[in-house]
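Just so you know, we're using our numbering here: the sequence shown kicks off at 6 and counts up by one.
Written below as structure tokens is the structure these notes are about.
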Amino acid sequence: ICQAEGTILCSTCKNAQDNTGAFFDMPIVHAAISLHAPGKVLTALLYAYKYEGSDEAAMEIGRTVFLFGYTNKEWFAGADTVTYVPLHPRRLAERGYNQAEYIAKRLSEAIDVPCERILARRRYTKQQARLDESGREENVTGAFGVIGEVAGKRIVLVDDVYTTGATVVSCIEELYSKGAAHVKVFTLLYRE
């Protein structure tokens, strides 16, 4: 973060990281939570992992998510499963991994709730980061389908970044339409 040589995250930058989380209300869901860091530590780590494939950055993100989940278990109490926003098979093949799935698995381990793949992309979509707010909503409308059993389940839905909420809202609508009892959202970053 500070460009010091030798490690992806030096002790100074690590200590500057804010892991308190941002809890907020959002449409459709009673609450959502995101980790975020005004000093951009998590933003830089996510960029290094998501776009550069940095294993070191992934490990730091995993540690941060695990610690947060473990110390905030009460917020996730009652959840039956953790799931994640899926990538289209084409994008998954290009990137080689789904960062939301990785985050979901670390959270799942921390809160001792199983992680399941219960959503799939119905169609290939443009990258949300390259679109404005109205374009983001249009891009993901109807893009997701449920492939697992969700009726009556309390679900924690995980994504990497919450910006406009278009992606998670599209997933949540699909989950509720198939009978999910309740959905909470967890993201690594929240962009105001």
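Virtual Cβ for every residue (Gly too), placed ideally from N, Cα, C.
Just so we're clear, the structure is a prediction, and the values are computed from it rather than from any experiment.
If you check the CB distance, Ile108 and Val70 come in under 8 Å. In this structure, Phe149 is the residue among Phe149, Val161, Val174 with its C-alpha nearest to the C-alpha of Arg127.
The DSSP-derived three-state label of Gly150 is strand. Distance between Pro91 and Asp60, taken at the CA atoms: about 20 Å. Thr88 is positioned such that its CB atom lies no closer than 8 Å to that of Leu193.
Comparing alpha-carbon positions, the option among Glu154, Gln8, Ala82, Lys78 lying closest to Gly184 turns out to be Glu154. Residue environment: Ala62 is assigned as buried (16 or more neighbouring CB atoms within 10 Å of its CB, all protein chains considered). Using a Cβ distance threshold of 8 Å, Val151 and Leu124 count as a contacting pair. Of Gly83, Ala156, Tyr52, Asp117, the smallest CA-CA separation from Tyr75 is found for Asp117. Glu79 sits exposed, since fewer than 16 C-beta atoms from the chains shown fall within 10 Å of its C-beta. The criterion of a C-beta distance shorter than 8 Å is satisfied by Glu121 and Thr86.
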